[in-house]
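Protein chains in written order, with my numbering: chain A, 26 to 142; chain B, 1330 to 1505. Worksheet for the structure shown next.
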Amino acid sequence: MLPKGAFLKIIDNSGARLGQIIWTRFGTAGAGNVVKVAIKEAKGGKVTKGQMKKAVVVETKYPTRRPNGAHYQSLRNTAVLLSDKGNPLGNRLRGMLGLEFARPRWKRVSMLGKRLF
Amino acid sequence: MRLEKCWFCSSTIYPGHGITFVRNDATTFKFCRSKCHKNFKMKRNPRKVRWTKAYRKLAGKELAEDATFEMERRRNRPEKYDRDLVKKTVKAIERISEIRVRRQERFYEKRMAKVKGQQVARDKQQLEQEIHLVKAPASLVSDKAQQKSKEKLKVAVEAKQQKQKQQAQGADAMQE
């Protein structure tokens, strides 16, 4: 349930630390949704502060609903930076991914990280 | 589908219920309802919260260690699907649950047995001391009078029986 203007912690090693959402497809973004992000903090790596990149939201504090009715939530809002084509910019992930990333669309992202339950 | 156990109160979580919390270090906590979730957020220790199974087992109020609990232990080895195995497992579940319930009830009865005698004594004392809460004092007085007349009757009956006995004994002695 992240709207425009929300801050996301970037959990890959692309160099960015914090990103602010500047565009979502449906008004609010949840786990597994792609958003456009303006990088507010960066340290080293391929990305610098002020750039606009695509990202996929990985964890949200707001409960994510699964089709079987189960809900799960995290302690923080995180995202992974993507290139324009949709491939992850970093090559390591620091965090957990939900089953939302089991789809073939996120094959590259899920290969970087550890799967949730 | 899998029935999970609530992290806080140890009750089963059915599909569609409760919430799962994923911590930053990737540990997951499942809760059956917001009551447990909120207690967790308050950083309460389930072993000290009296209505949870964790407390009850620790305090010896419920059967904690038994062979019947082995069935519910989580096994991370996936079994190849076999229809016969499933049939057997279902039967085993029913049977083992039966046994477990029986053992738990026996445990409870044993625990409560010592208390029963104390409870009876306490009830008796309460009845004697607090009878005024149940019956009005006026009726208590009339009750006492009734009790006295009953006792008198009892004594009279006993005396009569004694007399009859003596007479019978006398008659026997005479016959001899």
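A virtual CB, placed ideally from N, CA and C, is assigned to each residue, including glycine.
Legend entry - Residues sharing a beta bridge with B:GLU1333, DSSP: Working through the second sequence from its first residue, we reach residue 1333 of chain B at position 4. BP columns for B:GLU1333 point to B:ILE1342.
Legend entry - Whole-Å CB distance - A:LYS71 paired with A:SER39, under 8 Å assumed: What you label residue 71 of chain A is simply residue 46 of the first sequence in a count that begins at 1. What you label residue 39 of chain A is simply residue 14 of the first sequence in a count that begins at 1. About 6 Å separates the two Cβ atoms, so the contact holds.
Legend entry - Secondary structure of B:ALA1500, DSSP reduced to three states: Indexing the second sequence from 1 puts residue 1500 of chain B at position 171. Note: B:ALA1500 maps to helix in three-state DSSP.
Inset, instruction - Check whether the Cβ of B:VAL1430 lies closer than 6 Å to any heavy atom of the ligand NAD, and answer yes or no. - result: As for the ligand NAD, it is missing from this structure, which has no ligand bound.
Legend entry - Burial state of B:TRP1336, where buried means 16 or more other Cβ atoms lie within 10 Å: For the purposes of this step, residue 1336 of chain B is taken as the residue at position 7 of the second sequence. Buried.
Legend entry - Close beta carbons around A:MET77, own chain, < 8 Å, minus the five adjacent residues each side: Position 52 of the first sequence, counting from 1, holds the residue named residue 77 of chain A. Taken in chain order, the residues that qualify are ILE47, LYS61, VAL62, ALA63 and ILE64.
Legend entry - Exposure of B:HIS1366, with buried meaning 16 or more beta-carbon neighbours within 10 Å: Stepping through the second sequence from its first residue, residue 1366 of chain B is reached at position 37. Counting Cβ neighbours within 10 Å, B:HIS1366 comes out buried, since at least 16 surround it.
Legend entry - With 16 other Cβ atoms within 10 Å as the buried cut-off, status of A:TRP131: Within the first sequence, the letter at position 106 stands for residue 131 of chain A. It is buried - the Cβ of A:TRP131 has at least 16 other Cβ atoms within 10 Å.
Legend entry - For A:LYS78, three-class secondary structure by DSSP: If you number the first sequence from 1, residue 78 of chain A lands on position 53. The answer is strand: DSSP assigns A:LYS78 an E or B state.
Inset, instruction - Report the option in A:PHE126, A:ARG101, A:MET121 and A:THR49 whose CA atom is closest to the CA atom of A:ASN112. - result: Counted from its first residue, the first sequence places residue 112 of chain A at position 87. When each option's Cα is compared against that of A:ASN112, the closest is A:PHE126.
Inset, instruction - Only counting runs of 4 or more residues, tell me where the alpha helix (DSSP H) segments fall wholly within the region 1368 to 1398 of chain B, in order along the chain. - result: 1382 to 1387
Legend entry - Candidates A:GLY30, A:ASP37, A:PRO28 and A:ALA31: closest to A:LEU137 by CA position: For the purposes of this step, residue 137 of chain A is taken as the residue at position 112 of the first sequence. Closest option to A:LEU137, Cα to Cα, is A:ASP37.
Legend entry - Among A:GLY115, A:VAL82, A:LEU106 and A:PRO28, nearest to A:LEU124 - alpha-carbon criterion: Numbered from 1 along the first sequence, position 99 holds the residue referred to as residue 124 of chain A. Ranking the options by Cα distance to A:LEU124, first place goes to A:VAL82.
Inset, instruction - With 7 Å as the threshold, decide whether the Cβ of A:SER135 is near any Cβ in chain B. - result: Within the first sequence, the letter at position 110 stands for residue 135 of chain A. No, A:SER135 does not count as interfacial toward chain B.
Inset, instruction - Return helix, strand or coil for A:ALA104, following the three-state DSSP convention. - result: Reading the first sequence from its first residue, position 79 is the one you call residue 104 of chain A. A:ALA104 falls in the strand class under three-state DSSP.
Inset, instruction - Leaving out five residues on either side along the sequence, give the residues of the same chain with a beta carbon under 6 Å from the beta carbon of B:PHE1436. - result: If you number the second sequence from 1, residue 1436 of chain B lands on position 107. Closer than 6 Å at Cβ, skipping near neighbours: LEU1392.
Legend entry - Cα-Cα separation between A:LEU118 and A:TYR97, rounded to whole angstroms: By one-based count along the first sequence, residue 118 of chain A stands at place 93. By one-based count along the first sequence, residue 97 of chain A stands at place 72. Computed Cα separation, rounded: 20 Å.
Inset, instruction - Kindly indicate if chain A contains any beta-carbon less than 7 Å away from that of B:PHE1350. - result: Here residue 1350 of chain B corresponds to residue number 21 of the second sequence, with the count starting at 1. Closer than 7 Å to some Cβ of chain A, the Cβ of B:PHE1350 qualifies, so yes.
Inset, instruction - Report yes or no: do three or more beta-carbon pairs, one from the region 1449 to 1465 of chain B and one from the region 1418 to 1433 of chain B, lie closer than 8 Å? - result: no
Legend entry - is_contact[B:PRO1344, chain A] using C-beta, thresh 7 Å: The residue given as residue 1344 of chain B occupies position 15 in the second sequence. By this cut-off, B:PRO1344 is an interface position.
Legend entry - From A:VAL59, A:THR49, A:LYS139 and A:LEU107, residue whose alpha carbon lies closest to that of A:ALA41: By one-based count along the first sequence, residue 41 of chain A stands at place 16. Looking at the Cα atoms, A:LEU107 is the closest of the given residues.
Legend entry - Beta-carbon spacing of B:GLY1345, B:PHE1360 below 7 Å: Within the second sequence, the letter at position 16 stands for residue 1345 of chain B. Within the second sequence, the letter at position 31 stands for residue 1360 of chain B. It is not a contact, given that the beta carbons lie outside the stated cut-off.
Legend entry - Counterpart residues of B:PHE1350 in DSSP-defined beta bridges: Translated into positions along the second sequence, residue 1350 of chain B becomes position 21. For B:PHE1350, which the question treats as bridged, DSSP gives the partners A:GLN98 and B:PHE1358.
Legend entry - Contact with chain A by B:ALA1388, beta-carbon distance below 7 Å: Here residue 1388 of chain B refers to the residue found at position 59 of the second sequence. No, its Cβ sits nowhere closer than 7 Å to a Cβ of chain A.
Inset, instruction - Run down chain B in chain order and give the residues with a C-beta less than 7 Å from the C-beta of A:ARG128. - result: Here the question's residue 128 of chain A lines up with position 103 in the first sequence. Ordered by position in chain B, no residue passes the 7 Å Cβ test against A:ARG128, which lies about 19 Å from the chain.
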